[in-house]
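Note that the sequence shown covers residues 679 to 1295 in my numbering. To keep things clear, I will list the structure first and then write my remarks on it.
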Amino acid sequence: MSGTPEGPVHPEPAETHRAEPALTERDAGRREAELRDYRAAFRVARLAMALVDRDGVVVAANDSLGALLGTEAGALREQAAADLVDLASDGRTWHAYREVLRGRRSRFRCTRRLKHADGRSLWAEVTVAPVPGDRRVLLSIADISDRRELQARLRHLQMHDPVTRLPNRTLFFERLAAALEEPAAPREPHESYESYESYGYGRTGRIGLCYIDLDGFKAVNDTLGHRVGDRLLAAVAGRLTECADSDGYTRSGGHLVARLGGDEFAILVEDSTGTEQLTDLARSVLDALQEPFDLAGQRLSVSASIGVVERSGRGTTATALMQAADTTLYWAKADGKARWTLFDPERNAHRMTRQALSSTLRPAVEDGEFALEYQPLVDLADGAVRGVEALVRWHHPQFGPLPPNRFIGIAEEDGSIVELGRWILRTACRQARQWQKDHPRERPLFVSVNVAVRQVWDSDLVADVAGILAETGLAPHLLQLELTESAVMGSAGRPLQALQALSDMGVRIAIDDFGTGYSNLAYLSRLPVSVLKLDGSFVRGFQDEEHANAADELIVEALVRLAHRLGLTVTAECVETAGQASRLRRIGCDTGQGWLYSRAVTPERIAELIGTEPLPA
């Protein structure tokens, strides 16, 4: 170990020869007696000591020092003190020692590992200090081996998990931090890792981590008890250690297997050779854990999800590495468990974007970052615009304009869809009423607004709609609410009651993307629905008019007839060509929506379409 000098440097003035007053015979006798007492105390002291001259040579050593080093005290005279207690092994300690010898420093202390004559090692605390009134210095050495051993035992208990005997979370992060601090050895670009090691280097500058979580471990604790759960954890720890030790890529020192807490483990791979090493290790862990465990007659099977991260240590922090591992473990769980997943920067960037959007979504409503555009709904019979669908856009200050598919799902997950949906509904109704006021002689347009199922559950949608219609003055029959087929089909209880109340109010209910969900046609008769919006996948089948698929047309025609028999109107989405519009009109579809007529446009552009010539059909 390197020495740790103690105490500030105290420069002392250069020695000057001054005439001392002559001693009386009595004083001289008293001093001689004191020196005899000091010499006697020095010889019999239990603390190992030596007097060292200003050149660093031992002038005298006591018996305790001889016993400590396993030799005779007299044999230590004329030897260099620095060699006896290893003071020259590092520059800092050597410099501090020399400063004391020269009288420029009061004292210093360091810890050294010494060799006894019989070959055993011992830990010693070495102190060097000047002797008052003397040009020599006193070297004292205390055996602290027992204290160091106790500290080592206490540290082992502190740094290891009592159940699995593996390093715990504290030791894991200590080792991880140390690994990230060590630089890589130099390596030429053309050298392989094998040749790199053959030159005597051992560091690649890369680091890898397998972050392991047992699948369904809680069920073991809940059903069989914590004692069996602890035995299972210990058995898992044994297999993980075997996998780490048998890794064909293992360098000197091996991998660190640690229990981070609960049923979470980690295998730290220092100086990794690349992702192949880590993925091979993850596969071996999965294979090892798939073999059943026999625990005192209990035969248990367990699987694990593993997040795998491998990267250069340069520029990486322990926090960043663990965040990546935690994210990747989450992916492995979400992808079906019992598998390993490698960290993907692109997937992580998408996740980070989602988090950024989620954190700013709620205040964005208040900050006015959302706007509505409107896409015409056109009567297929005469090309007249009958209504519009309101489509929300987010003008994000960082990511720019975002379509609904980038943030609606996030809003549904975190519940902000309720506030956002209320804003959309109010804005769309106010705009529809404004068009009506601006064009009083024209047939008013209805406005269609998408509603998430969470709005039905987490808010009083009926009260919201009634309040907004009263506030804006829009007639209920000019409002259409769109819900997806999967949200509407099978509705019961509160959702069905809400839909029925809205229908009774005069609001039209439309099933959006019909044909992609349950397609439970018989259930339609029991729902307060007035409009079916055919999913665009049906209409796209009409694009190739020369090689038309008769089955597509038969399916759509059957759906339209059924809807009409139930008193419903049908809107076709994604109409892009005149041929599609012609075929849809021929089989009886009521309205169309798509790029053939218009993309989603601003309210001002919709105002220009009101009362103009019909759109091309």
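Ideal Cβ positions, reconstructed from N, Cα and C, are used throughout, including at glycine.
Residue i versus residue j: straight-line alpha-carbon distance, rounded
i: Met-631; j: Arg-843; result: Any answer about residue 631 is impossible in this case: the structure gives the chain only from 679 up to 1295.
i: Val-898; j: Phe-971; result: 13 Å
i: His-794; j: Glu-852; result: 32 Å
i: Ala-1285; j: Glu-1231; result: 35 Å
i: Asp-741; j: Ala-728; result: 10 Å
i: Ser-990; j: Val-935; result: 20 Å
i: His-1155; j: Leu-892; result: 56 Å
i: Met-982; j: Leu-858; result: The residue you asked about is not Met; residue 982 is Ala in the sequence shown. If you take the alpha carbons of Ala-982 and Leu-858, they lie about 27 Å apart.
i: Arg-1277; j: Asp-1060; result: 19 Å
i: Glu-954; j: Asp-900; result: 37 Å
i: Gly-1257; j: Gly-1272; result: 13 Å
i: Val-1279; j: Trp-1072; result: 14 Å
i: Leu-1246; j: Ser-1137; result: 28 Å
i: Glu-1047; j: Gly-940; result: 44 Å
i: Ala-1228; j: Leu-1058; result: 21 Å
i: Thr-1005; j: Gln-1076; result: 24 Å
i: Ala-1068; j: Cys-921; result: 58 Å
i: Thr-1290; j: Arg-1204; result: 39 Å
i: Gln-1133; j: Gly-1087; result: 13 Å
i: Cys-1252; j: Arg-1119; result: 30 Å
i: Leu-1020; j: Thr-919; result: 21 Å
i: Pro-867; j: Asp-768; result: Reliability fails at Pro-867, whose pLDDT of 42 lies under 50, so the model's placement of it is uncertain and no value is given.
DSSP-derived helix/strand/coil call for residue i
i: Asp-824; result: helix
i: Pro-1075; result: coil
i: Phe-1220; result: coil
i: Ile-1265; result: coil
i: Asn-1128; result: strand
i: Pro-1154; result: helix
i: Gln-836; result: helix
i: Tyr-1052; result: strand
i: Gly-744; result: helix
i: Ser-876; result: The pLDDT assigned to Ser-876 is 38, lower than 50, so where the model puts this residue is not dependable; a value taken from the coordinates is nonetheless given after this. Three-state result, Ser-876: helix.
i: Cys-921; result: helix
i: Ala-760; result: helix
i: Val-1253; result: coil
i: Val-809; result: coil
i: Val-1209; result: strand
i: Gly-907; result: helix
i: Asp-941; result: coil
i: His-868; result: In this prediction, His-868 has a pLDDT of 42, which is less than 50 and means its spatial position is unreliable; what the coordinates show is noted afterwards. Of the three classes helix, strand and coil, the one that applies to His-868 here is coil, per DSSP.
i: Ser-818; result: strand
i: Gly-916; result: helix
i: Asn-1230; result: According to the sequence shown, residue 1230 is Asp rather than Asn. In this structure, Asp-1230 counts as helix in the three-state DSSP scheme.
i: Ala-1144; result: helix
i: Gly-1270; result: strand
Environment of residue i [buried if 16+ CB atoms lie within 10 Å]
i: Gly-878; result: Reliability of the predicted coordinates at Gly-878 is poor, the pLDDT of 35 falling under 50, and no value is obtained from them.
i: Lys-1211; result: buried
i: Asp-1013; result: exposed
i: Asp-1190; result: buried
i: Asn-1083; result: exposed
i: Ser-979; result: exposed
i: Asp-965; result: exposed
i: Ala-1141; result: exposed
i: Asp-1268; result: buried
i: Leu-832; result: exposed
i: Trp-1135; result: exposed
i: Val-809; result: exposed
i: Ser-876; result: No answer about Ser-876 holds up, because its pLDDT of 38 lies below 50 and its placement is not dependable.
i: Thr-1105; result: buried
i: Asp-839; result: buried
i: Val-778; result: buried
Assumed close pair residue i, residue j - CB separation to whole angstroms, cut-off 8 Å
i: Asp-1213; j: Gly-1193; result: 5 Å
i: Gly-1177; j: Val-1143; result: Note that residue 1177 is Leu in the sequence shown, not Gly. In fact, because the Cβ distance is near 11 Å, the residues do not count as touching under 8 Å.
i: Ala-802; j: Arg-814; result: Contact flag wrong, Cβ pair sits at about 21 Å.
i: Arg-917; j: Leu-973; result: Actually they do not touch by this definition, with Cβ atoms about 13 Å apart.
i: Trp-1018; j: Arg-961; result: 7 Å
i: Leu-854; j: Met-837; result: Rounded, the Cβ-Cβ distance is 13 Å, inconsistent with contact.
i: Leu-1274; j: Ala-1259; result: 6 Å
i: Asp-812; j: Gly-748; result: Rounded, the Cβ-Cβ distance is 29 Å, inconsistent with contact.
i: Cys-1107; j: Thr-1038; result: Not confirmed; about 26 Å, so no contact.
i: Gly-744; j: Ala-738; result: Contact doesn't hold; Cβ gap of about 11 Å is too wide.
i: Gln-1158; j: Ser-1126; result: 4 Å
Closer than 8 Å to chain D by CB, residue i
i: Asp-1116; result: No chain D appears in this structure, which consists of one protein chain only.
Legend entry - Those runs of the beta strand (DSSP E) which lie wholly inside the region 987-1043 and span at least 3 residues: 1018-1020
Inset, instruction - Please go through the region 953-989 and give each complete alpha helix (DSSP H) segment of 4 or more residues, from N-terminal end onward. - result: 953-968
Legend entry - Residue ranges of each alpha helix (DSSP H) within the region 1062-1118, 4 or longer: 1086-1092, 1095-1116
Inset, instruction - Note down, one range per segment and in chain order, each beta strand (DSSP E) of at least 3 residues found wholly within the region 773-803. - result: 786-793
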